[in-house]
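Quick note, the sequence shown lines up with residues 22 to 385 if you use our numbering.
Beta carbons: idealized from backbone N, C-alpha and C, even for Gly.
What you are looking at is a predicted structure, and each value in this text was computed from that prediction instead of being measured.
Have a look at the structure below, then the notes.
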Amino acid sequence: MPVLPAPQLLQRAGETSGGSGPGVSYDAFLGVIWALTALATVFLAVRLQSRYRGPRRLFWDDGFAIFAWSLALATAILWQAEASNMYYSLNVAAGLVPPGSASDVQNRLLRYIHSEFAALLLYYSTICTIKLSYLFFFRRLGSNIDRFGRIWWPILLFVLATYFIMLGTYPYSCSTTTSIAYLSTQCNSASFHHYTTIILDLSCVLDVVSDALILIIPFTLLWKVRIRRAKKVAFLGIFSVSVITIVVAIVRTASANDTKVSSGQFDPTFLYLWSAVEACVAIIVSCLSAFPQLFAASPRNAKPIFTPSDTYRAMMSRIRARRTGGGDSGSGQYTTMHGQELGPYSTSEVSDSGKLLDGLKLLK
22 MPVLPAPQLL QRAGETSGGS GPGVSYDAFL GVIWALTALA TVFLAVRLQS
72 RYRGPRRLFW DDGFAIFAWS LALATAILWQ AEASNMYYSL NVAAGLVPPG
122 SASDVQNRLL RYIHSEFAAL LLYYSTICTI KLSYLFFFRR LGSNIDRFGR
172 IWWPILLFVL ATYFIMLGTY PYSCSTTTSI AYLSTQCNSA SFHHYTTIIL
222 DLSCVLDVVS DALILIIPFT LLWKVRIRRA KKVAFLGIFS VSVITIVVAI
272 VRTASANDTK VSSGQFDPTF LYLWSAVEAC VAIIVSCLSA FPQLFAASPR
322 NAKPIFTPSD TYRAMMSRIR ARRTGGGDSG SGQYTTMHGQ ELGPYSTSEV
372 SDSGKLLDGL KLLK
């Protein structure tokens, strides 16, 4: 294949792609990215305020959420600076704008290629960091649950393996090159477009599977802990909002595949818009999942929760036996909280509830 100058290379690419140009307008592309970044900022600020009003400290899951937000912000700044080069290259390829000088077109094309490489690395890193935030959040919640690590550690290793698989399969040569000749031959072939399609589908599968595995943790945790069904359903409802991230990941891949042209090329405006959307939505959802303390009073105003020990329960049973002249109240004993009787609970139920309450106190 002959090596073409940059303007002719773009126009040849436009001819093979049908010359349709960008699928998302420039203003909509940046507007959606910045709007969701701002919304993620608000949710993160509320999350951090809850930490300030409660324990006055940050935890590992908060640190990962902050880092993920910084990556999402970096993505928005990147596209603010470089989206014009992407749209210029796509419009020249589609014949919608006249090309400038060969050197100008080449420089803007290479800047666009390098910026999309940076955007994808930021996307992978943001998604992985949010998954780590979920994992360390659930680790605090289940720190007092027996054999919790048997579930947590394998999922952590799978999430990390997923991240490194995506980094290892990325076609770096076409994203870091400065050679127009290499772009026009190796990076504009049917085999290359087929490979990028496989990588996109693989990333979606790994993303969805890892999210589903993370969802197993709260369901398993609440399944083992004996608390009232209404409260259990409420907690499961909060934790299940992470399904939204799975839906967005699937929509991202479906949108990219649906907007491919006959040559197999993706429309980058759809792909990178949905990548930024998924990253910001993941941050927002992680902040929503971190607020189960909304069901409880603020720790500054609430009285400490009293979980009776075995010694205390035995002593109260003897006192009741003396008053009534009966025997040990056994499993029908009453648990007290803030000086009020809550109702009869078995010893195992009181113990399991205490474990969950110990975990929830760490979340406030």
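Q | 8 Å CB neighbourhood of Gly44 in its chain, flanking five on each side removed | A | Along the sequence shown, read from residue 1 onward, the residue named residue 44 stands at position 23. So the qualifying residues of the chain are Thr280, Asp288, Thr290 and Phe291.
Does the pairing of the segment 174-191 with the segment 149-157 give three or more beta-carbon distances under 8 Å? yes
(Q) Ignoring anything shorter than 3 residues, give me the beta strand (DSSP E) runs that lie fully in the segment 112-189, in order along the chain. (A) none
Practice item. Out of Phe260, Arg339 and Tyr193, point me to the one whose CA is closest to Leu309's CA. Key: Within the sequence shown, the letter at position 288 stands for residue 309. When each option's Cα is compared against that of Leu309, the closest is Phe260.
Using the rule of at least 16 other Cβ atoms within 10 Å of the residue's Cβ for burial, across every protein chain shown, is Asp222 buried or exposed? Against the sequence shown, residue 222 aligns to sequence position 201. It is exposed - the Cβ of Asp222 has fewer than 16 other Cβ atoms within 10 Å.
Query - Whole-angstrom distance between Glu103 and Ala97, CA atom to CA atom - result: The residue labelled residue 97 in the question sits at position 76 within the sequence shown. The residue labelled residue 103 in the question sits at position 82 within the sequence shown. The straight-line gap from Cα to Cα measures roughly 10 Å.
May I ask you to report which of helix, strand or coil DSSP gives Lys253? The residue you call residue 253 lines up with position 232 of the sequence shown. Three-state result, Lys253: helix.
Hey, out of Ala123, Ser122 and Ser110, whose CA is closest to Ser136's CA? By 1-based counting over the sequence shown, the position of residue 136 is 115. Minimum Cα distance to Ser136 is reached at Ser110.
Which residues in the same chain have their Cβ closer than 7 Å to the Cβ of Leu94, if we skip the five residues on either side of it in sequence? Stepping through the sequence shown from its first residue, residue 94 is reached at position 73. These residues qualify, in order along the chain: Thr58.
Closer than 7 Å to a non-hydrogen atom of the ligand NAP - does that hold for the CB of Leu188? Absent from the structure shown: the ligand NAP. Ligands present: none.
Notebook entry, point to check: Does the separation of the CB atoms of Met441 and Tyr145 fall below 8 Å?
Noted result: This structure leaves residue 441 out entirely; the chain is present only between 22 and 385.
- Item | Three-state class that DSSP yields for Gly75 in the structure shown | Along the sequence shown, read from residue 1 onward, the residue named residue 75 stands at position 54. Coil.
Legend entry - Contact check, Phe64 vs Ile304, beta carbons under 8 Å: Counting from one through the sequence shown, the residue named residue 64 turns up at place 43. Counting from one through the sequence shown, the residue named residue 304 turns up at place 283. Against a cut-off of 8 Å, the Cβ pair of Ile304 and Phe64 comes out as a contact.
| message | Distance check for Cys208 and Gln286, CA to CA, integer angstroms please. | response | In the sequence shown, residue 286 corresponds to position 265, counting from 1. In the sequence shown, residue 208 corresponds to position 187, counting from 1. Their Cα atoms are separated by approximately 10 Å.
(request) Kindly confirm or deny that the segment 253-270 and the segment 188-198 touch, where touching means at least three C-beta pairs closer than 8 Å. (result) no
Give the range of the alpha helix (DSSP H) segment to which Asn278 is assigned. Indexing the sequence shown from 1 puts residue 278 at position 257. Start and end: Val264 to Asp279.
Checklist entry - Where does Ser319 land, buried or exposed, given buried means 16+ other C-beta within 10 angstroms? => result By one-based count along the sequence shown, residue 319 stands at place 298. The predicted model places Ser319 with a pLDDT of 42, which falls under 50 and marks its position as unreliable; any figure quoted below should be read in that light. Exposed.
Worksheet item: What separation, rounded to the nearest whole angstrom, lies between the Cα atoms of His359 and Ser91?
Response: Position 338 of the sequence shown holds residue 359. Position 70 of the sequence shown holds residue 91. Per-residue confidence for His359 stands at a pLDDT of 41, beneath the threshold of 50, marking its modelled position as unreliable; no derived number is given.
task = Can you say whether Asp167 is buried or exposed, counting buried as having 16 or more other CB atoms within 10 angstroms of its CB?
result = Within the sequence shown, numbered from 1, the residue matching residue 167 stands at position 146. By the 10 Å Cβ count, Asp167 comes out exposed.
Item to check | For Leu227 and Thr183, believed in contact at Cβ under 8 Å, the rounded distance | outcome: As a working note, residue 183 is residue 162 in the sequence shown. As a working note, residue 227 is residue 206 in the sequence shown. The Cβ separation is near 4 Å, so the contact holds.
Requested in this report: Could you have a look at Asp288 and say whether DSSP puts it in helix, strand or coil?
Outcome: Taking the first residue of the sequence shown as 1, we reach residue 288 at position 267. Looking at Asp288 - three-state DSSP - the assignment turns out to be coil, as it is neither helix nor strand.
For Ser307 versus Ile87, is the C-beta spacing smaller than 8 Å? Mapped onto the sequence shown, residue 307 falls at position 286. Mapped onto the sequence shown, residue 87 falls at position 66. No. Outside cutoff.
Quiz prompt | Gly134, buried or exposed, once every other Cβ within 10 Å from all chains shown has been counted against 16 | solution = The count along the sequence shown starts at 1 and reaches residue 134 at position 113. This sequence places Ile at residue 134; Gly is not what is there. Answer is buried; the Cβ neighbour count reaches 16.
*Since Leu242 contacts Lys253 with CB under 8 Å, what's their CB separation in whole angstroms?*
The count along the sequence shown starts at 1 and reaches residue 242 at position 221. The count along the sequence shown starts at 1 and reaches residue 253 at position 232. Not really, about 10 Å apart at Cβ, beyond 8 Å.
CA-CA distance, Cys301 and Phe256? As a first step, residue 301 is located in the sequence shown; it is residue number 280 there, counting from the start. As a first step, residue 256 is located in the sequence shown; it is residue number 235 there, counting from the start. Approximately 23 Å, taken between the alpha carbons.
- Query: For Thr198, which three-state DSSP category applies?
  - Reply: Numbered from 1 along the sequence shown, position 177 holds the residue referred to as residue 198. The answer is coil: DSSP assigns Thr198 none of H, G, I, E or B.
**Prompt:** For Phe138, which option in Ser194, Pro119, Asn128 and Leu181 has the closest C-alpha, if you only look at C-alpha atoms?
**Reply:** Here residue 138 refers to the residue found at position 117 when the sequence shown is read from its first residue. It is Ser194 whose Cα lies nearest to the Cα of Phe138.
Quiz prompt | Neighbour-count burial assignment, His215, 16 or more Cβ in a 10 Å radius | solution = In the sequence shown, counting from the first residue as 1, residue 215 sits at position 194. With fewer than 16 Cβ atoms within 10 Å of its Cβ, His215 is classed as exposed.
Starting from the C-beta of Leu234, find all residues in its chain whose C-beta is less than 7 Å away, skip the five residues before and the five after it, and write them out in chain order.
-> By 1-based counting over the sequence shown, the position of residue 234 is 213. Here the set comprises Ile176 and Phe179.
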